[in-house]
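These notes are about the structure you will find just below.
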Amino acid sequence: MQRILIVGGGIIGMLHAWEARKRGFDVIHLESDLEPRSATVRNLGMIWVTGRATGPEIELVLRARSMWEEITQEAPGVGFRATGALTVLYTDAEVETVRQAIERDAGVHGYQLLDPVDARNINPILQGDFAKALYCPKDAVIEPQAVLPALRDVLAGDHYQWHPGVTAVEFGSAWVRGQDGTVYTGDQVIFCVGSSQVGASARLLAGMPLQRVRLQMLQTEPLDFRISTLLSDSLSLHYYPVYDVPARERIPARPELVGKFGIKLMVAQRADGSLTIGDTHLYDEPFDFASTEQCYEFILDRFTKLTGRPAPAVRRRWSGTYAQRTDGELFLRREIEENVLLATGIGGRGMGTAPAVAEDTFNLICGTPELRSA
Ligand SMILES: Cc1cc2nc3c(=O)[nH]c(=O)nc-3n(C[C@H](O)[C@H](O)[C@H](O)COP(=O)(O)OP(=O)(O)OC[C@H]3O[C@@H](n4cnc5c(N)ncnc54)[C@H](O)[C@@H]3O)c2cc1C
Numbered sequence: 217m218q219r220i221l222i223v224g225g226g227i228i229g230m231l232h233a234w235e236a237r238k239r240g241f242d243v244i245h246l247e248s249d250l251e252p253r254s255a256t257v258r259n260l261g262m263i264w265v266t267g268r269a270t271g272p273e274i275e276l277v278l279r280a281r282s283m284w285e286e287i288t289q290e291a292p293g294v295g296f297r298a299t300g301a302l303t304v305l306y307t308d309a310e311v312e313t314v315r316q317a318i319e320r321d322a323g324v325h326g327y328q329l330l331d332p333v334d335a336r337n338i339n340p341i342l343q344g345d346f347a348k349a350l351y352c353p354k355d356a357v358i359e360p361q362a363v364l365p366a367l368r369d370v371l372a373g374d375h376y377q378w379h380p381g382v383t384a385v386e387f388g389s390a391w392v393r394g395q396d397g398t399v400y401t402g403d404q405v406i407f408c409v410g411s412s413q414v415g416a417s418a419r420l421l422a423g424m425p426l427q428r429v430r431l432q433m434l435q436t437e438p439l440d441f442r443i444s445t446l447l448s449d450s451l452s453l454h455y456y457p458v459y460d461v462p463a464r465e466r467i468p469a470r471p472e473l474v475g476k477f478g479i480k481l482m483v484a485q486r487a488d489g490s491l492t493i494g495d496t497h498l499y500d501e502p503f504d505f506a507s508t509e510q511c512y513e514f515i516l517d518r519f520t521k522l523t524g525r526p527a528p529a530v531r532r533r534w535s536g537t538y539a540q541r542t543d544g545e546l547f548l549r550r551e552i553e554e555n556v557l558l559a560t561g562i563g564g565r566g567m568g569t570a571p572a573v574a575e576d577t578f579n580l581i582c583g584t585p586e587l588r589s590a
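Given below as structure tokens:
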């Protein structure tokens with residue numbers, strides 16, 4: 217096998233291209249947009265370890281985290297920073313939930329439950345009133361709007377051909393036809409099309425065990441100082457399976473708006489000092505074409521509660537959609553026909569896992585026996 221043909225220039229497609237080149241394959245890379253504008257550039261850039269379930273999920277994230285650390289040496293624009301994360305807790309029931317999660321965890325995450333004074337020593341922005349904070353030292357962040365061009369720049373050359381503005385509309389064993397009729401060939405085709413419905417993607421994704429999830433996000437003007445960690449608060453206890461312990465039953469039901477829109481507070485500072493703040497989760501299609509302002513107001517209020525100060529002025533708002541498995545599996549990697557693989561459905565963890573996901577795909581393609589198509 218010589219040449220890999222990848223469709224989709226988001227983070228999953230990009231890391232498949234990266235891994236293919238690492239293993240000495242030539243790569244042809246097709247992308248529908250002139251510059252990718254889907255989930256990959258719309259996210260928080262978190263390599264989120266805090267909430268990941270013990271077992272295959274955290275193993276995947278930790279493997280990817282160390283790969284990102286290496287990749288950023290070759291492509292500094294990726295912007296990997298080992299920040300750690302703090303999750304702020306307000307009530308006794310929340311603290312007890314986290315205590316139980318830590319007990320069950322047996323050190324995998326490296327969790328520490330901190331008093332406010334210790335949490336503020338790590339991250340002085342936490343000037344709101346709170347009971348405790350969960351510190352996870354293993355979380356990290358990359359730059360979502362810089363990572364793709366940074367990686368493409370390193371790969372650029374005779375062995376990597378990047379074709380933006382090409383939508384794959386038809387395919388067969390080892391070939392893909394673009395919307396203008398051009399046929400591209402490769403010994404192995406890998407479709408990394410995220411949650412897209414363009415061209416051949418709608419047909420590829422139809423009937424797969426996948427659902428689309430829509431999120432709202434905002435970005436502020438730069439803060440006048442650097443904040444040391446990623447931030448979250450106790451709303452995330454409702455969301456991540458790592459907190460599925462008996463004490464969670466004692467946390468009162470979420471306010472109606474939070475439940476309806478799946479709101480939790482997540483904050484990451486960008487390289488330019490601005491803050492990306494999210495997020496919401498909607499699962500029922502068709503999604504509203506517009507964003508809901510009430511969610512943004514709620515999220516910004518939570519930021520003020522956390523920090524004791526209002527967020528900097530909002531610079532821009534957007535929404536984004538990703539694909540996730542409906543059966544609890546981590547990722548969908550399926551042979552569609554001979555030499556054609558679909559690779560998508562990583563859910564809300566694509567940035568945090570892409571290098572390891574791509575490594576697994578190539579172990580499968582290159583014949584490592586323990587990996588099977590999921
Ligand atoms: C608001 C938001 C916040 C998030 N926060 C985080 C986070 O902090 N950490 C984290 O790990 N994950 C996060 N995620 C999830 C993460 O963004 C996704 O898991 C990841 O971007 C998925 O990457 P992808 O390459 O599969 O899909 P995409 O980024 O959607 O890329 C797919 C690409 O394929 C192209 N394409 C599709 N069909 C075709 C075709 N037929 N022909 C040619 N090109 C095609 C599309 O144009 C697109 O560029 C977040 C997601 C959102 C929406």
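Numbering (the numbering used here), first residue to last: 217 to 590.
Every residue, glycine too, gets a C-beta built ideally from N, C-alpha and C.
All values reported here derive from a predicted model rather than from experimental measurement.
Per-residue burial, residue i [other beta carbons within 10 Å of its own, 16 or more giving buried]
{"i": "G566", "result": "buried"}
{"i": "A291", "result": "buried"}
{"i": "E540", "result": "The sequence given here places Gln at residue 540; Glu does not occur at that position. Under this definition Q540 is a buried residue."}
{"i": "V243", "result": "buried"}
{"i": "E575", "result": "buried"}
{"i": "N337", "result": "exposed"}
{"i": "S448", "result": "buried"}
{"i": "R588", "result": "Below a pLDDT of 50, predicted positions are generally treated as unreliable, and R588, at 39, falls in that range; no measurement from the model is reported."}
{"i": "Q495", "result": "What sits at residue 495 in the sequence shown is Asp, not Gln. With 16 or more other Cβ atoms within 10 Å, it is buried."}
{"i": "S389", "result": "exposed"}
Residue from the options with nearest C-alpha to residue i
{"i": "L330", "options": "R533, K348 and G394", "result": "K348"}
{"i": "S507", "options": "L431, S450 and R268", "result": "L431"}
{"i": "F441", "options": "Q427, Y400, Q485 and L451", "result": "Q485"}
{"i": "T560", "options": "E553, G568 and V573", "result": "V573"}
{"i": "V294", "options": "A469, R428 and E286", "result": "E286"}
{"i": "T398", "options": "S389, T383, G583 and Y306", "result": "T383"}
{"i": "L305", "options": "P332, R549 and G326", "result": "P332"}
{"i": "G394", "options": "S411, G544 and H245", "result": "H245"}
{"i": "N555", "options": "I479, V392 and R428", "result": "V392"}
{"i": "K476", "options": "S490, A570, L250 and H454", "result": "H454"}
Distance between beta carbons of residue j and residue i, contact taken as under 8 Å
{"i": "L350", "j": "V314", "result": "5 Å"}
{"i": "V257", "j": "Q361", "result": "5 Å"}
{"i": "D403", "j": "R219", "result": "5 Å"}
{"i": "I263", "j": "I358", "result": "7 Å"}
{"i": "I406", "j": "I562", "result": "Contact doesn't hold; Cβ gap of about 14 Å is too wide."}
{"i": "V530", "j": "L446", "result": "No, V530 and L446 are not in contact; Cβ-Cβ is about 19 Å, not under 8 Å."}
{"i": "L491", "j": "T577", "result": "Not really, about 34 Å apart at Cβ, beyond 8 Å."}
DSSP three-state assignment for residue i, whether helix, strand or coil
{"i": "F547", "result": "coil"}
{"i": "Q395", "result": "coil"}
{"i": "L329", "result": "strand"}
{"i": "K521", "result": "helix"}
{"i": "P457", "result": "helix"}
{"i": "G373", "result": "strand"}
{"i": "I479", "result": "coil"}
{"i": "L302", "result": "strand"}
**Study point:** Segment contact, 8 Å Cβ cut-off, at least three pairs: the region 510 to 524 with the region 417 to 424
**Key:** No, because fewer than three Cβ pairs between the region 510 to 524 and the region 417 to 424 fall closer than 8 Å, the two stretches do not touch.
Check your understanding: Would you call the region 223 to 236 and the region 246 to 255 touching, i.e. three or more CB-CB distances under 8 Å?
Key -> Pairwise C-beta distances place the region 223 to 236 in contact with the region 246 to 255, as three or more of them are shorter than 8 Å.
Review point. Counting pairs of Cβ atoms below 8 Å between the region 265 to 279 and the region 449 to 460, do you hit three or more?
Key: A contact is defined here as three or more CB-CB pairs under 8 Å, and the region 265 to 279 meets this definition with respect to the region 449 to 460.
Practice item. State whether the region 497 to 514 contacts the region 372 to 392, with contact taken as three or more CB pairs (one from each stretch) at a distance under 8 Å. Key: With contact defined as three or more Cβ pairs closer than 8 Å, the region 497 to 514 and the region 372 to 392 are not in contact.
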